[in-house]
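Numbering (this note's numbering), first residue to last: 2 to 389. To start, the structure under review is shown below, and the notes come after it.
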């Protein structure tokens, strides 16, 4: 018995999103109905080289091969096998996020050396050639930083590079459901944009997302004709201010105020999106880090988080607003509590373990400050501020 068109749409609505995508690709006659049916996704993550829908990743990578050595990269490479800094993008009906950095290339080259060393006992691996190419790429990136002429003699014979598209599960096993290797004549950012267009563009209603996560560490091109209604936003790869501002056109106005935003420091809270959200989680790294240079000590930025919390307290926030600062070390926690207690009208909360300090907000509300120790890392704490 044939189902009516509206019945088909109703049936498709309740399918797993990734099953819907497969069904639409394998049965072109259902494509129109699939695009017309409302789409609900728990987690969507847009990355430089992948689109992750719930627990399935649609991923593209560049593979650089040399006999028995196979190395994979999640950014576009030039003929030298290094990040392509000469690549220029003309923004056309899209949101362009370009976060290529020389520091990222230096780190990639160091990881590449470690990867090559794992093949050191393989008699078929031409390690000396690949090590020499790596050394030349370090010279090239140094020349770019010094604004000198960059050596542009490609390696001989040319590097063999291919692009691979894979559909993979994101659980602990990471099973590959589908993969295909192609000639590397298209850029990763083209491929990722194409995936987004195929999955999300041309829909009759906005895609409903619980959480939208964006992780941009290279070139990410987001089509402007996508529409999302979201509840939570996660920006933990840096550049949060730029990304939050640029993605506004693809987020429905009815999404605001958001339930929560998770961001990575440092961030200036000038964008109204931060002030309206019900919960703001700031992932702030405060623990000492291993120095990269001799006679250099990296100290925790205790003043930063304290200043942010004090600024938040001084702003008039509506009842129900909640901001949480996580990853705070013991000294910063102590300093922040001392500063908060110096605010006129501050009181210790003596009758509950859930709230440490009560601060006056205005005539009708007050701020409850909660301090909690991390359950996994006992050296870190979180400070949560809620308006009642």
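Virtual Cβ for every residue (Gly too), placed ideally from N, Cα, C.
Contact check, residue 132 vs residue 58, beta carbons under 8 Å: Contact flag unset, no.
Residue 214 - containing beta strand (DSSP E), residue span: Taken as a continuous stretch (DSSP letters only), the beta strand (DSSP E) holding residue 214 covers 208-216.
Cα-Cα separation, residue 378 to residue 26: Roughly 45 Å separates the two Cα atoms.
According to DSSP, is residue 258 helix, strand or coil? In the three-state DSSP reduction, residue 258 falls in the coil class, being neither helix nor strand.
In the stretch 159-206, which residue ranges form an unbroken beta strand (DSSP E) of at least 3 residues, counting only runs that do not cross its ends? Whole beta strand (DSSP E) segments, 3+ residues: 161-170, 177-184.
C-beta neighbour in chain C for residue 46, strict 8 Å: No chain C is present in this structure, which holds just one protein chain.
Do three or more CB pairs link the stretch 40-47 to the stretch 210-218 at distances below 8 Å? These segments touch.
Secondary structure of residue 101, DSSP reduced to three states: Residue state, collapsed to three classes: coil.
Residues in its own chain within less than 7 Å of residue 5 by CB, not counting five upstream and five downstream? Within the same chain, no Cβ atom closer than 7 Å to the Cβ of residue 5 is found once the five residues on either side in sequence are excluded.
Just the C-alpha distance for residue 238 and residue 165, rounded to the nearest angstrom, thanks. For residue 238 and residue 165, the distance between alpha carbons rounds to 24 Å.
Coarse secondary structure for residue 48, derived from DSSP in three states: The answer is strand: DSSP assigns residue 48 an E or B state.
Taking only three categories from DSSP, how would you classify residue 7? Looking at residue 7 - three-state DSSP - the assignment turns out to be helix.
Identify whether residue 232 lies in helix, strand or coil by the three-state DSSP scheme. In this structure, residue 232 counts as strand in the three-state DSSP scheme.
Which stretch, first to last residue, makes up the alpha helix (DSSP H) that contains residue 144? Taken as a continuous stretch (DSSP letters only), the alpha helix (DSSP H) holding residue 144 covers 128-146.
Among 156, 167, 183, 184, nearest to residue 177 - alpha-carbon criterion: Checking every option, the nearest Cα to that of residue 177 belongs to 167.
Can you tell me where the beta strand (DSSP E) with residue 385 in it begins and where it stops? Where residue 385 is concerned, the enclosing beta strand (DSSP E) stretches over 381-388.
Leaving aside the five residues before and after residue 225 along the sequence, list all residues of the same chain whose C-beta is less than 7 Å from its C-beta, in chain order. Only residues of its own chain outside the window of five on either side were considered, and among them 94, 95, 96, 250, 251 have a CB closer than 7 Å to the CB of residue 225, listed in chain order.
Buried or exposed for residue 382, going by 16 or more other Cβ atoms inside 10 Å? With 16 or more other Cβ atoms within 10 Å, it is buried.
Could you give the residue range of the beta strand (DSSP E) that holds residue 374? Note, residue 374: beta strand (DSSP E), 366-374.
Buried versus exposed call for residue 141 [16 or more other C-beta atoms within 10 Å across all chains shown]: With 16 or more other Cβ atoms within 10 Å, it is buried.
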